[in-house]
Amino acid sequence: MFTTSRGISLILALAISALVVAFLSLMDGANLLLLLVAWGVSFSSSYLLISFMLEFLIFKEIGDIYSLLEKIQRKDLSEISEKGRKGSISPLRKINKVINSYAIARQKEIDTLQKNAEFRREFIADISHELKTPIFATQGYIHTLLDGAIDDKQVRMRFLKRAAKSLDSLDVLVQDLLTLNQMESGVIKFNFSEFDLKELIEEVMEELEHKASKREIHITFDFEEGKTYWTKGDRQKIYRVCQNLIFNAMKYNHNGGEVQVLLKTHKNTIQVDITDDGPGIPPEDLKRIFERFYRVEKSRNKKEGGTGLGLAIVKHILEGHKSKISVSSTVGKGSIFSFSLPIIKIDSPEEKLKVITL
C-alpha cells in the first residue's frame, strides 16, 4: 500500500497536517476546534495535491516508460508514436524522449531489414525464373542432339541455332544484371560530354526503323525547327535510355500503332516525352515497373521478350544524371514516359563546331 501514489500521499499528508497542528498548538488562544479544522484542511489539501502530483506527473510517466520498455523487450514497436508527452516534468520527459527515439529507430531498422529480406526473396525467385528459361531451352536442344538428332543435318543446324539464341539471351540477361549492379555500387563511371540530343534520338529512330516497319508502327519525332537541343551527359548511356524507351513503346504497342517522340525546351532543361497508344499500364503497376524483373501482366508479359531490367537500368542512368524518369498511363489509351536533361545554349555554328571538337 505504501509503495503506491495513494499510500505515499497519505503518509506525507498525515505528516504535514501533524506539523501544522503542532505549530498551531503552540500559539495562544488555540482551541480544540481550531486544531481539528486546521488538521482537516491541511490533511485534505496536502493529500489531494501530493496524490495528483505523484499520480499524473511521476507514476504515470514512469508507467509509460515501463510500458515502452516492455514493448521494446517484446519487439512490439508498431504502435510507438513519434510525438512525446508535453505534460511530463523535465527529467522524465527527457528519459521518455530518449527511449521513444531509440524505439522508433529500432522499428525503422526492423522495417528496413524486413523490406530487404523480402526484396532478396523476390530477387532470388525472379532471377531463378529468368535464368531457368534459356538454360532449360538450351539443355533441351543439346540433349535432343545427343540422343541421336545430331545425325540429321537439318535438325542439327536448326537446334544449334536455337541453342545459340537461348545462350545469347542468357548472355544479355547476365550483362544487364552486371550493368545494373555496377551502377548501384558506383563502379560504372559516367563520362560527361556535350552532345546534340535531337541528333542522338534520330540515330535511335534510324536503328529501330526496321523493327517498327515489321509491325507497321509509325514513329514521329516532333521538335521546334531552328532550336538547338544541346545537353551535357554520358552520350552512350543516354542513347541506351532513349533506345530502351522507344523500343518499349513499340514492343508494347499494337500492330499499326503510333509512337511519338517529343522534344520540349524549358528555361534550363530539355524534356523528352515518348508516347505510345498501346494498352497502357494499370495504376497499381505504375509504381513498380522500374523494379528489377517486374512485368505488368497481360500487356507486358514474358512472351514479349527482354530481360525485365531495361527500365531499372534507365532509372539508374537518369539518377546518375541528377534526373528521374516519370510515367503517366491510361489503360486502353497508352503511356507517356518522360525525362529531362540540362540545356546548353549554343548561339552560332562556330560555337557548335567548337563543342564538337572538344
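Under our numbering, the first residue of the sequence shown is numbered 9, with each subsequent residue one higher.
Every residue, glycine too, gets a C-beta built ideally from N, C-alpha and C.
Remember, it's a predicted structure, so these values are computed and weren't measured experimentally.
Item: Strand pairing of Q279, partner residues [DSSP]; Value: K272 and S348
Item: Contact under 9 Å by Cβ, G241 with H329; Value: yes
Item: C-beta atoms of I321 and L178 nearer than 9 Å; Value: no
Item: Own chain residues within Cβ distance below 8 Å of L175, not counting five before or after; Value: P142 and T146
Item: Local Cβ density within 10 Å of G342, reported as buried at 16 or more and exposed below that; Value: buried
Item: DSSP three-state assignment for H329, whether helix, strand or coil; Value: coil
Item: C-beta atoms of L43 and L32 nearer than 9 Å; Value: yes
Item: Residues near G288 by beta carbon distance below 8 Å, same chain, minus five either side; Value: S307, S337, T338, V339, G340, K341, G342 and S343
Item: CB-CB length for C250 against I209, believed under 8 Å; Value: 6 Å
Item: 9 Å Cβ cutoff met for S348 and H262; Value: no
Item: Where T12 sits in the DSSP three-state scheme; Value: coil
Item: Cβ neighbours of Y55 in the same chain (closer than 6 Å, five flanking residues each side left out); Value: S17 and A21
Item: DSSP bridge partner residues for F203 (one or two, in chain order); Value: T239
Item: Beta strand (DSSP E) segment containing I227, residue limits; Value: H226 to D230
Item: Beta-carbon gap between D281 and L270 smaller than 9 Å; Value: yes
Item: Neighbour-count burial assignment, S25, 16 or more Cβ in a 10 Å radius; Value: buried
Item: Collapsed DSSP secondary structure at V267 in the structure displayed; Value: strand
Item: Among L181, S201 and R114, nearest to K140 - alpha-carbon criterion; Value: L181
Item: Beta-ladder partner(s) of G342, from DSSP; Value: T338
Item: Coarse secondary structure for D284, derived from DSSP in three states; Value: strand
Item: Element boundaries [alpha helix (DSSP H), containing Y55]; Value: L40 to F60
Item: Alpha carbon of K310 to alpha carbon of N256, nearest angstrom; Value: Reliability of the predicted coordinates at K310 is poor, the pLDDT of 48 falling under 50, and no value is obtained from them.
Item: Burial state of G95 (16 or more Cβ within 10 Å); Value: Bear in mind that the predicted position of G95 carries a pLDDT of just 48, short of 50, making it too unreliable to give a figure here.
Item: E202 and T228 closer than 9 Å at C-beta; Value: no
Item: Residue of F200, Y260 and V29 minimising C-alpha distance to S50; Value: V29
Item: Contacting residues, own chain, Cβ-Cβ under 7 Å from A46 (five flanking each side not counted); Value: V28, V29 and L32
Item: Own chain partners of K332 with C-beta closer than 8 Å, once the 5 adjacent residues on each side are dropped; Value: K323, L326 and F347
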